[in-house]
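Heads up: the structure comes next, in structure tokens.
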Amino acid sequence: MREYKVVVLGSGGVGKSALTVQFVTGTFIEKYDPTIEDFYRKEIEVDSSPSVLEILDTAGTEQFASMRDLYIKNGQGFILVYSLVNQQSFQDIKPMRDQIIRVKRYEKVPVILVGNKVDLESEREVSSSEGQALAEEWGCPFMETSAKSKTMVDELFAEIVRQMDYAAQPDKDDPSPVKTLTQHVWNCQLHG
Amino acid sequence: AYHSTRLPSCDHPTSKLRLTQELLIVGSLSAGSTKTWDKGRSSKNPNPLSSMRLMSHLAGAPGVEPEYVMQLVNDVRWFADVLLNLKEAFRCKESLEDLQAVVQERLADLLHVLKAVIGKHQTLNSVDILGAAGTVIAKVKGIDFKEVNPENTKAIFGEIHISIDTLAFTFGNVVSDFLMGDVDSSSGFGTPQTRRSRVRRCLSFPIRLSFAGSPGLEVPLSREEEVDLTLLKNDSGVESALLYAKAWSKYIKDLLAWMEKRLAMDIEYARNYAKMAESAKTLACQQDYMPFSDIYISTFKNDAEYRQLLIQTAMALQTNKFMQPLLARKNELDKLRKDIKEQWQRQQKKMQEADASLRKAQALKAQRREEYQKAHSSTNRSQEEQSNLANKQMEKKRRLEEEALQKAEEAQDQYQICVADADMRKMDLANAKSTILTQIREMVFQCDLTLKAVTVNWFQMQQAQIVSLPAHYLAHSESAKLYEPGECYAEFVRNLPNNLPRDNMHCSSDNTSTHSSHGNLSQASITSCDVLSGDDVDNPPHRPPKISEQRSNSSTDIQALKSQTSLRAWASGSQGSHGGMCSDSESVGGSSESRSMDSPIASPGDFKRRLPRTPSTGTMSSADDLDEREPPSPSDNGLAEMVTETASSPGPFRNAQMSKAAQTHKLRKLRAPSKCRECDSLVVFHGAECGECSLACHKKCLETLAIQCGHKKLQGRLHLFGIDFAQAAKNSPDSIPFIVKKCTSEIESRALNIKGIYRVNGAKSRVEKLCQAFENGKDLVELSEMSPHDISNVLKLYLRQLPEPLILYRYYNDLIGLAKECQSAIVEEADKPQSTPAGEKAAPGVHLNRVIFKIRDFLQQLPTANYRTLRFLIAHLNRVTEQAEENKMTASNLGIIFGPTLIKPRQTDAEVSLSSLVDYPYQALMVELLVRHFKTVFDTSLLSSSDLTTPGQASPRLTPLEKIQRLSRYSTSLMDIKESAKVYKRYSSVIPSSHILDEVQEVQPGTDRAEVSALEGLNVIQRSSGGEFQKAAPVLEGPSSTSVAPKVQLRTQRTRHVSRPVSMPLERLPTPPQTERNNRYAASSVDTNSSVLDPVSETIQETPETEKARQSMSSRVSTYYITPFIDTQTLQRRTWDRKYKHYDVTPRTAMIVANLPSASSGIHTVFPNNSYTVSSPKLPLTLRQPRTLQPPPGTFYKPPSSTSSRPRTLPNWTTSVTTITTTNSTSLLSPTKPAEIVTQSLVITRPQQTRLQTQDSTDSAIDPGVPTSSTISPPESPPPSSPEDLSPSEIKPVYQRLRSRQLQELEQREAHFV
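If you read the protein sequences in the order shown, they are chains A and B. Going by full-length UniProt numbering, the first sequence opens with residue 1, and the numbers climb by one from there. Going by full-length UniProt numbering, the second sequence opens with residue 1, and the numbers climb by one from there.
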């Protein structure tokens, strides 16, 4: 069974946990608890073949930034989340992608830019066009989701899987040895 | 053509001719062409051609039908002829008889003609003509021809001539009038009136001339008419007029430009003056008893009003009084000019065309005529030559001739037409010209009118403005003359109260000049403030509290003066200026006050003296206008600053956007390149510098500057982040770095309800800037404009970047262990049915409480500064959680956030990820516990007052009721002896190191050794059971495994508590709870006294109680006793207690211990060596006591030679404090020994202690003892080694106890503890 390792990144309070939990359990959690690190596994079907999606829900608050390098190293695909009712979170996300590229030493990492909390349209601070523009700059898909209203959540994870598939194709630069190695390290980290 | 035929021939051809001419002229005038008139006038001897032309012109007279005019002219001629005939008749030298007949005949003719003419032209039917005619008739009829003889011919005929002339003249007038057009009759002559009058005058002039010299009355032409006339004459009249108009326009434009500039300047000027006057007035009003103050105030007021008036006037002038109308006029003029030009040009073009065609026609005509002539002559010739020639030729020739004639005629006609056309054109042109000229003239007239009006207005307004000034000044000068020098000063002095010797003293000196008194008063306040503030200048961190003190002092003093706010301002201002005191954000007002100090307002005349006082002379730079009329101008810069207080400083930064902090600075232009305090880059251009604190920054950075002015030189950039915490704490009086305090206070003040505070990140750039600001400006940073998330980030950043976290590395493992304990405790309690449903806050479970107390005691090991800061921070976070409803930041959330920040393991990079990941939850849990159980963990009453945010000084943490409750709660669970045994281990685990244990072993004789060994054995046992043992020996031992043995710790803490009550009663004046406790203890001691066993059993019973997490209770008790009546005492106790807080000693057990008579013996045994009394290893033994048996009575009892021992011990203490401390520490170790005897002795000692306590309450000698001993111990020793702290605190209690036997006993006991 194929395993996809996805890391959900973003600054504090944007809704990473909510998104992940919404996808995995189908419920929306209201609680406002800063995550340290949460890990979820969900079986999905990709192209009518069963796969496992391993989602690492990370801490957004700054003091855990030192941990990021580690799980960036281990992650395959990245969901960069910002809250579209918080301009600051949108600004904070840019250096995160730089960090990903720096750690991976590779530009074409499967990444999706996500603007969450689209249900709070009235409080919007980041326009769709801004997000779209940034996604274009990065060369990655862009979505606006809402964990609360379940908007685009499933599509989001489907898309990241697709992106990982696409990136993992043999003609791409991603050499499989590295991949298996990261996988190995990932497993060690989580289960060690 | 008919002209030539009509030329009259007469005897007096000249007269006739002239008459005809005149008539002709009249006729020509009817055509209305000035040109023709001019021509007519100018030519005295008109050649036929001109006459012809005149006549031809006549034909094209506009407005009146040409035929009619011609008819009229004909009739006029006819009449003229007849009249002339009549006149000639009288002139003729004929026989008189004939004369009469002729005359009569001619007269009849005349009348006939006249009738006909009048009949035809009704308009000529005027009274004048008839009258004149009547005169002529009469005169002629009246001639008595019989009388006529050559002599009187002339006379008689002269009259007749005259009358005839009159008639002619009248007739001519009437005709000309008619021709010119009456007012009634419609006429196309444009401006008839003027024209007519003009023409009439023109007409009258030659007529008069011709009619034999009746002197031409020169009617003075009006100016306009003259102008128009001249221009009409002038060929280029229109052009000249236009030129003039253009010149006028330009002139007005220049005028307007000047006016505009002048007005603008006036307004600005007036505004500035008004502002200055206003501010000066405001400030002048504040000062009482100043000479001329009311005069000056009124001057300022007037000036302000005057300037306002000026402004108004100028504005009015700008608008509707001057500029606008004039401008409008000018525009009109320009437009008209343009129109007229076009029009004129058009006319001229037409004229030229007509002229051209005329010429062409003329030429044609001439040509045709010539042809005709030729044909005619040829015909004639041929006719002559060949009289009998064939008719054909003749006919042909004749035909030719006829043709030629026809053609000639045609040409002639055409020519006529052209001529007529040209004439028309000419007339058009002339009309147009005159119209234009009129228009121009009128326009110019209008413009002049406007200009006149506005000019007059302006001057009137000016006059109105200034009119009031002289009187005002005069009045003021008069009243100023009346003032007696020194009057005001005297008045001021009179109003002083008598109870301020200081001020009075200073004020006494110079009375003569108000100015110097002014200076003296300020001097007085300065010196007074200097006295108070002298010692503070050197100690910046202490400034804030003391300044407020000072200011209040001086202000109360000055208030007592019951006079002038000015003085108050001076004093505080002088403080500000001298001490640079106003550094806090609270004292921004003070800074402004200092301005007032520096720029006194109404001192007359001596501005130069004022200037040096101002610290930043830069603001009073160039425009020091010492104009007498505006006295406050030099100070106005500063005044304006102060008065507005929100306005930016004058000079270069008037328009700069400034943050609140930036406004507190006195900014001036940066002179030398320096580093910008806001953005940390170099600033060379557009820089601002504060004159007081020499803070430099970019002009742009003023908007975001966060550093306020501290009114003294700003420190260089500190290193704040990443600096060792101990260092940072040193700079602060309460060991809490200012950055922590500032950030937390700011957040508490306004951000407690912000969702996600501390979780959400702030803007990175802003956060960085704020960090920089803190480094540059230290505690002067103004935070009120910062986003709370930024501030929270800075705080977190600071804590994260400490080289060693607040909880030092060496405590990491233990703390994590404690956290794990907690976790299990929580899990336990969660499983239990009776777990508190209300949540952990309400009533933490027993186990949890135990752990919490452990944590508390553990934390006490932290360095003071760390502990205090931690406590401060946790208190703040606790307050944040109080608003968790709004901000969603519960204790657990905050724990997650702050966990890794506060609790970090020492790690190399390799370890980072793994251990962090694993430990994060525990770190979070720990912090969560700290926050949630803040009150429990950080016993606020344990600490000195200055540290406390809450006033925990007076009352103990628990009321007696609470204590009882706790007691009852804990009494349910029993601890078995095994557990009690474990306490030893716990105790040992708390004790620093094993080598101290050895020392203890050395010290203790005999039984103690056994105890020690037993203890050691237990140690070993325990070691196997759990690393908690080792873990609990944190300080000197290395980090150990993280396994937890809760019970061990429990024991340890309990044993610690045992010791406490021993010391406490002696040092404390009994508080009611204490007394109560004392009573209780006394009661129990009584009980114990009654029977030996009972106390033992009681103790046994007690032990379980104490075994339980009674450490909480006892800690309560201990805190109970530690009401800091004397701060030093508290400190002593605290430091002492901190080391011993894990001794679970309840007062009850203590009492019981003390009451045991066997204790004394135990004590005896214990104190063989005085040198070791203090360092008695019996201490641990005492802890054991409650659990098992009573200790030997003399265990902790000092022998009766205590009095001698006291001096012995004293020197020991004083001289060898260090040794004592080490021995103290060893005694700490000793509690690990599970010697029953020891515990018994402890039990024994307790009651004794309490007894002593009661005694002590009466003994006032205790108290003096305390301070003396306290002086021995430094209250706040930096990173304390626990032993060291023990000794000073130990000394104190021990000292006291030596007073009496019981005291001695207690002392011994204390010493054991030590």
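We treat Cβ as the ideally placed atom computed from N, Cα and C, and that holds for glycine.
Could you check the C-alpha separation between residue i and residue j for me, to the nearest Å?
| i | j | result |
| --- | --- | --- |
| B:Y920 | B:I896 | 8 Å |
| B:Q308 | B:L667 | 30 Å |
| B:N878 | B:L670 | 46 Å |
| B:F938 | B:A284 | 56 Å |
| B:L862 | A:C140 | 51 Å |
| residue 1346 of chain B | B:A411 | Outside the shown range of chain B (1 to 1314) lies residue 1346 of chain B, about which nothing can therefore be said. |
| B:I137 | B:E401 | 54 Å |
| B:R800 | B:Y289 | 59 Å |
| B:K426 | B:K350 | 9 Å |
| B:K365 | B:A408 | 6 Å |
| B:N776 | B:L695 | 9 Å |
| B:R369 | B:R399 | 16 Å |
| B:P733 | A:F157 | 55 Å |
| residue 1320 of chain B | B:F300 | Examination of residue 1320 of chain B is not possible in this model, given that chain B is present from 1 through 1314 alone. |
| A:G15 | B:K741 | 32 Å |
Starting from the beta carbon of residue i, find every residue of chain B whose beta carbon is closer than 9 Å, and list them in chain order.
| i | result |
| --- | --- |
| A:T61 | Y758, R759, V760, N761, K796, I896 and I897 |
Taking residue i as the reference, which of the options has the closest Cα?
| i | options | result |
| --- | --- | --- |
| A:T61 | B:G756, B:Y867 and B:L877 | B:G756 |
| B:H161 | B:I723, B:D266 and B:K139 | B:K139 |
| A:S89 | A:Q99, A:K73, A:V114 and A:K104 | A:V114 |
| A:L134 | A:R41, A:K94 and A:D33 | A:K94 |
| A:S122 | A:N86, A:P110 and A:Y82 | A:N86 |
| B:R766 | B:N753, B:A751, B:L797 and B:S745 | B:L797 |
| B:Q463 | B:T313, B:N302, B:E105 and B:A304 | B:T313 |
| A:E43 | A:T151, A:I29 and A:R2 | A:R2 |
| B:R750 | B:S382, B:S792 and B:E768 | B:S792 |
Taking Cβ-Cβ distances shorter than 8 Å, what residues in chain A pair up with residue i?
| i | result |
| --- | --- |
| residue 1315 of chain B | Shown here, chain B extends from 1 to 1314; a query on residue 1315 of chain B therefore has no answer. |
| B:N893 | Y32, D33 and P34 |
| B:A924 | I36 |
Please list the partners that residue i has in chain B, where partner means a Cβ-to-Cβ separation under 7 Å.
| i | result |
| --- | --- |
| A:G13 | G756, R759 and V760 |
Run through chain A and tell me which residues come within less than 7 Å of residue i, C-beta to C-beta.
| i | result |
| --- | --- |
| B:K769 | Chain A residues near B:K769: none, gap ~15 Å exceeds 7 Å. |
| B:K888 | Y32 |
Using a 10 Å radius around the Cβ and a threshold of 16 neighbouring Cβ atoms, would you call residue i buried or exposed?
| i | result |
| --- | --- |
| B:K854 | buried |
| B:V684 | exposed |
| A:L70 | buried |
| A:S17 | buried |
| B:A729 | buried |
| B:G691 | buried |
| B:P900 | buried |
| A:Y82 | buried |
| B:D779 | buried |
For a contact meaning CB atoms closer than 8 Å, what does residue i contact in chain B?
| i | result |
| --- | --- |
| A:D92 | N761 and K764 |
| A:Q88 | V760, N761, G762, A763 and H789 |
For residue i, verify whether its CB is less than 6 Å away from any heavy atom of the ligand ADP.
| i | result |
| --- | --- |
| B:E159 | What this structure holds is no ligand at all, so the ligand ADP is not there to describe. |
Ordered list of beta strand (DSSP E) runs contained in the segment 82-138 of chain A, each at least 3 residues: 111-116
Run through the UniProt domain "Phorbol-ester/DAG-type" (664-709) of chain B for me and flag every whole beta strand (DSSP E) of 3 or more residues, listed as ranges in chain order. 667-669, 687-690 and 696-698
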